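Mapping the sequence shown onto our numbering, position 256 (from 1) lands on 270, and the numbers just tick up by one.
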Amino acid sequence: QVPTGTSRQSYSATSYQDFSNWESLMKIKEGLLRQKEIVIDRQKQQINNLHQKIRENELRAQHARLSHLVNCEEPYMTNLQQPHYESTPLQPHVLERSAVHFEELERKIAAAENKELQLSELVKQISNKSSEEKKKMEEKLKTRDRYINSLKKKCQKESEQNKEKQRRIETLEKYLADLPTLDDIEGQTKQLQALEEKNRQLQETVTELEKKLGEARSQCRERELQLVCQKKKEKELVTTVQSLQQKVEKCLEDGIRLPMLDTKQLQSENECLKEKNEKASKVIDNQQNQIAGLILDVQSMQEKLLQEKLIVQKMASELEEKERSIEQLNKTLSENQRLMEENACLKEQMRQVVQAREPVSEKMPIADQLFKEMSHCLFDLKALCSILTQRAQGKEPNLSLLLGIRSLSCSSEENENYHSTETLSKKLVDVCQLRKDIDELRTIMSDRYAQDMGDNCITQ
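Here you go:
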């Protein structure tokens, strides 16, 4: 029970640490999403401002165009509205002025048209630039929306994974909480002993009841024989009485008068026969009542026997299930104890190796031997873990690993230099992988045991 508690505490601590790390990552991602949404809103506002500026520029261009047209038409209209009653000597002067004025108007109109063309080109450039910027911003928004959707999907997936991990943690905690302790096992053994004692007592009572039942059946047989005999006697008496009555009737019919002594004798015999008949009927009734009571007693005894047999069978099945569960618990406890001892031995060997890694030339062969033994132990532990996982999964184990047959690669690894960093890093990776395999084996065994316990609970 002690190793399971320590594994539960370490697993819960690591799971809570992973959950806190995940919460901090989620908060950071949410902050980044908020910042990106703020940037997107700002860019949308800038796009709206650009659209508004484009509209204002278009309105300004239209106003400038209209103002130029009005300024050009005003002097021409004033000249047309002058009176026709002016004197004839002034007409050539007026014609010269109007020609000059027309030339100026044409120049102004050409300049206005040039400005209008420039403004229209500028507006086109601005609109093209704004449309390109708008397209770029829309593409950026689409890419950011896709990125946000992918982040949301990742967050949703991580939340589902965390929910699954939390659910598994809760189930493991419930399973570890439901695991029996040493006190529970002792209590179960005491209960088993008490149940065995009770079963023995019940078996003794069953044997006694069977003996009583046999005696009652023998008594019933004797009573039945007595009843048969009495019924025969009763039939004989009835036949004799009937024959005597027939004789009496015949005598009366024939007119033969018997003497008084004979009639009195016949009457006395008849009365005696009647008394015997009544006594025999009473005895028969009493015996029938006794037989009915005995039959009821036998039936009740049979029902009690059936109930006692059912109770005994149920208790025997419970005893077998509890014995199987106790054997399985003992196996798991011994396996855990063995693994803990091996882990402690490995830790002690590692500590000794670390202490032995001093720059002393005398300790080098001992260190090499220790490294070799540790590599052998590592190989054996790997083989043991693989065999146990294969057996736990219902597969056939590897015979070479089961028999401890080493391959050529293992024999070549024995000649490696154990003081090089590459060899040490490789061994460290192997040890880490071995630890993962041990954890996987532990989870498989715990799941298998939880399933067996659940099946036992369902059957109970």
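Here a beta-carbon is modelled for each residue, glycine too, at the ideal position from N, C-alpha and C. Since the model is a prediction, treat every value here as computed from it, not as a measurement.
Environment of residue i [buried if 16+ CB atoms lie within 10 Å]
| i | result |
| --- | --- |
| Ala397 | buried |
| Cys243 | exposed |
| Phe385 | buried |
| Ile452 | buried |
| Arg456 | buried |
| Leu39 | exposed |
| Gln465 | exposed |
| Leu239 | exposed |
| Leu395 | buried |
| Leu46 | exposed |
| Leu186 | buried |
| Leu505 | Because the chain here runs from 15 to 474, residue 505 falls outside it and cannot be looked at. |
| Ser101 | Summary for Ser101: the model assigns pLDDT 40, below 50, so the residue's position carries little reliability; its value from the coordinates is reported in the next sentence. Ser101 is exposed by the Cβ-count criterion. |
| Leu402 | buried |
Proximity of residue i and residue j at Cβ, strictly below 8 angstroms
| i | j | result |
| --- | --- | --- |
| Gln407 | Ile458 | yes |
| Leu448 | Cys391 | no |
| Leu155 | Lys43 | no |
| Leu223 | Leu319 | yes |
| Glu322 | Thr221 | no |
| Val255 | Leu287 | yes |
| Ser141 | Ile61 | no |
| Ala75 | Val137 | yes |
| Glu476 | Ala208 | Outside the displayed span of the chain (15 to 474) sits residue 476, for which this structure offers no information. |
| Leu308 | Asn284 | no |
| Gln301 | Leu241 | yes |
| Ser460 | Tyr189 | yes |
| Glu147 | Leu64 | yes |
Of the residues the options, the one placed nearest residue i, counting alpha carbons only
| i | options | result |
| --- | --- | --- |
| Ser173 | Met329, Asp444 and Asn35 | Asn35 |
| Glu135 | Glu153, Asn71 and Arg121 | Asn71 |
| Ile54 | Lys293, Arg158, Glu341 and Lys345 | Arg158 |
| Ser200 | Lys440, Ile340 and Gln233 | Reading the sequence as shown, one finds Glu at residue 200 and not Ser. Minimum Cα distance to Glu200 is reached at Ile340. |
| Leu193 | Lys296, Gln301 and Gln342 | Gln342 |
| Lys129 | Arg365, Gln57, Ser81 and Leu241 | Ser81 |
| Leu333 | Gln313, Lys212 and Leu227 | Lys212 |
| Lys177 | Glu37, Gln363 and Glu410 | Glu37 |
| Gln59 | Met151, Gln139 and Leu442 | Met151 |
| Glu250 | Leu216, Asn291, Arg214 and Gln215 | Asn291 |
| Cys359 | Ser331, Asp197 and Met388 | Met388 |
| Met315 | Asn303, Met467, Glu349 and Lys225 | Lys225 |
| Glu335 | Glu117, Met467, Glu127 and Tyr189 | Met467 |
| Val326 | Asp461, Glu355, Arg214 and Gln132 | Arg214 |
| Lys149 | Asp444, Gln57, Glu51 and Asp198 | Gln57 |
| Ile495 | Ser331, Arg231 and Glu355 | Residue 495 is absent from the structure shown; the chain starts at 15 and stops at 474. |
| Gln66 | Leu347, Glu236, Ser144 and Gln139 | Ser144 |
| Glu51 | Thr346, Arg160 and Asn303 | Arg160 |
| Glu337 | Glu120, Glu184 and Gln202 | Gln202 |
| Lys441 | Met364, Arg182 and Leu196 | Met364 |
| Val443 | Lys278, Phe393 and Arg462 | Phe393 |
| Lys246 | Gln205, Glu410 and Ile298 | Ile298 |
Proximity test, Cβ basis, 8 angstroms: residue i and chain C
| i | result |
| --- | --- |
| Leu353 | No chain C appears in the structure shown, which is made up of a single protein chain. |
Which residue spans inside the stretch 184-239 form an unbroken beta strand (DSSP E) run of at least 3? none
Residue ranges of each beta strand (DSSP E) within the stretch 321-361, 3 or longer: none
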